[in-house]
Amino acid sequence: MNNFPNPSSSIWTTPISQCSALISEVINTLSGPISVGSFARACRALPPRLQAIPVVSIGIYKKTWSTNWLVQTTTGFLGHQYVVATVRLPSGRETHIKADYHPYTASKFVLSFYDDPIAPDGDKPLSRLAAPSAASPLDADVDVPTLGSLASLFAVAQSHVGSRPYRVLGRNCLWMSDALFYTVARRYAPYWLRGAPSPDGLLRRYLRGDAGVLETAVACTLPYPAARLCAWWAAYAVRWAHVRYTAGRSGADRYAMHDQEVVNWIWEWEVMEGREVPVVGFDRALSLRGAGCMV
Numbered sequence: 594m595n596n597f598p599n600p601s602s603s604i605w606t607t608p609i610s611q612c613s614a615l616i617s618e619v620i621n622t623l624s625g626p627i628s629v630g631s632f633a634r635a636c637r638a639l640p641p642r643l644q645a646i647p648v649v650s651i652g653i654y655k656k657t658w659s660t661n662w663l664v665q666t667t668t669g670f671l672g673h674q675y676v677v678a679t680v681r682l683p684s685g686r687e688t689h690i691k692a693d694y695h696p697y698t699a700s701k702f703v704l705s706f707y708d709d710p711i712a713p714d715g716d717k718p719l720s721r722l723a724a725p726s727a728a729s730p731l732d733a734d735v736d737v738p739t740l741g742s743l744a745s746l747f748a749v750a751q752s753h754v755g756s757r758p759y760r761v762l763g764r765n766c767l768w769m770s771d772a773l774f775y776t777v778a779r780r781y782a783p784y785w786l787r788g789a790p791s792p793d794g795l796l797r798r799y800l801r802g803d804a805g806v807l808e809t810a811v812a813c814t815l816p817y818p819a820a821r822l823c824a825w826w827a828a829y830a831v832r833w834a835h836v837r838y839t840a841g842r843s844g845a846d847r848y849a850m851h852d853q854e855v856v857n858w859i860w861e862w863e864v865m866e867g868r869e870v871p872v873v874g875f876d877r878a879l880s881l882r883g884a885g886c887m888v
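To convert, take the position in the sequence shown, counting from 1, and add 593; that gives my numbering.
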C-alpha cells in the first residue's frame, strides 16, 4: 500500500508555522498565506546547506468528491488533481508541500504546508516517486532534487499561470500536476530510478525514456486498456488543437505537446537557477514524440 502524505490539514484555522516544520524550523521569516513568489524568494535567501534539503518523494493525488467543482463541471469524468512533495529536514523530520491549481482563488496556483502524514479519505493516489533508501548509496554524479530547486520550479509554474484563466479542457489542474510531476521525474530520473516508483513498471518506463508523459499519466490514472486508449486519444486531440490554435503566440501563451512541454519547463528551470541551458538528462529526440506513443 502506498504511504502517501495527507494533503489536508488545519492550515486555514491554525498559524502556518504550527502546521509545518519547514516553516517553523527552516523558513521562519514567512507567515501565511504564503505566495509562490515569496516562498521562492525565501528559499533562495537560505544558506546553501538549507537550500540543499532533499526532496524525498513527490506524488499526484486525485479528488473524486461529488462536491468538487471539476468533478461537477465534467459530470464525474475528471477529478481534481494536485501534487504533494515531501522534504526531509536536517532534524530528520519529514514535512510536506502541496501544490494546487484551481479556479477558486485569484492566484489559482497555491502552495500549502503541513506535517500530517495520514492519507485522506476520498483522495486517490495516482503516482509517486520515492527517494532511494539509505542502503542504496548514490553515485557522485547523480543529481538530487532539493528544496531550493523545487522552489525554482514552482516559480517557473507560476510564470505559466500569470493572469491566464483556468480552463477545464486546457490549462487546468491535470495540466499543472502532470507538468510539475513529470518535469521533476525527467530531470532527476537517475535519482528516482534508484528509488521506489509507484506504479513501478509504468513510471520506470517513463524514467528510462521508453514512454511519454501522456501515455504514462493516462496509464497511472485508468486501469483498463480500452479506457486508456480512449482517454489518450481525447487528451491528445485536445492538446493538438490547442497547439495549432496558439502556434503564432510566444512564451507561456503558446501550448506545447506534453513531452515538449516537459523539455521547455526543464530549460526554463535551468535558466531560473542560473545554470547552463542545454536540456539535461533527456534525449531531446523524445520530445519530438509530442504526447508519446501508445504501446
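Every residue gets a Cβ at the ideal spot worked out from N, C-alpha and C, and that includes glycine.
Give the range of the beta strand (DSSP E) segment to which residue 859 is assigned.
Taken as a continuous stretch (DSSP letters only), residue 859 belongs to no beta strand (DSSP E), being part of the alpha helix (DSSP H) at 851-865.
Tell me, to the nearest whole angstrom, how far the beta carbon of residue 752 is from that of residue 845; I am working on the premise that it is less than 8 angstroms.
The Cβ separation is near 6 angstroms, so the contact holds.
Can the beta-carbon of residue 743 be found less than 8 angstroms from the beta-carbon of residue 676?
No, these two residues do not count as a Cβ contact at 8 angstroms.
Ignore the nearest five residues each way along the sequence and tell me which others in residue 619's own chain have a CB closer than 6 angstroms to its CB.
Taken in chain order, the residues that qualify are 643.
Within 10 angstroms of the Cβ of residue 776, are there 16 or more other Cβ atoms? Answer buried if so, exposed if not.
Per the 10 Å Cβ criterion, buried.
Quick one: using the 10 Å Cβ neighbour count with 16 as the cut-off for buried, is residue 805 buried or exposed?
By the 10 Å Cβ count, residue 805 comes out buried.
Quick one: is residue 612 buried, meaning 16 or more other Cβ sit within 10 Å of its Cβ, or exposed?
With 16 or more Cβ atoms within 10 Å of its Cβ, residue 612 is classed as buried.
Per DSSP, residue 718 is paired with what?
Its beta-bridge partners are 654.
Suppose you measure from the CA of residue 885 to the CA of residue 639; what does that come to, to the nearest Å?
Any reading at residue 885 is ruled out, since the residue's pLDDT is 39, under 50, leaving its predicted position unreliable.
Use the C-beta contact count for residue 598: other C-beta atoms within 10 angstroms, 16 or more gives buried, fewer gives exposed.
The pLDDT assigned to residue 598 is 40, lower than 50, so where the model puts this residue is not dependable, and the model offers no usable value.
Count the C-beta pairs between the region 779-787 and the region 731-745 that are closer than 8 angstroms, then say yes if the count reaches three, no if not.
The region 779-787 is in contact with the region 731-745.
Note down, in chain order, each residue of its chain lying with its Cβ closer than 6 angstroms to the Cβ of residue 866, except the 5 sequence neighbours on either side.
Cβ neighbours of residue 866 beyond the five flanking positions: 745.
In the DSSP assignment, what residue or residues form a beta bridge with residue 791?
The partner list for residue 791 (beta bridge, DSSP) reads 721.
Could you tell me if residue 621 is buried or exposed, where buried requires 16 or more neighbouring beta carbons within 10 angstroms of its beta carbon?
Classification of residue 621: exposed, given that the 10 Å Cβ count is below 16.
Taking the C-alpha atoms as reference points, what is the distance between residue 692 and residue 823?
Rounded to whole angstroms, residue 692 to residue 823 spans 28 angstroms at the Cα level.
What does a CB cutoff of less than 6 angstroms around residue 786 pick up in its chain, not counting 5 residues either side in sequence?
Same-chain partners within the cutoff: 800.
So, residue 708 versus residue 688, is the Cβ gap smaller than 8 angstroms?
A contact, by the Cβ cut-off of 8 angstroms.
Sort out for me which residues DSSP pairs residue 689 with in a bridge.
Residue 689 is bridged to 679, 707.
Taking a contact to mean a Cβ-Cβ separation below 8 angstroms, would you say residue 811 touches residue 762 in this structure?
Going by C-beta atoms, residue 811 is not nearer than 8 angstroms to residue 762.
Is residue 803 close to chain C, meaning its C-beta is less than 8 angstroms from at least one C-beta of that chain?
Of the protein chains in the structure, only one exists, and it is not chain C.
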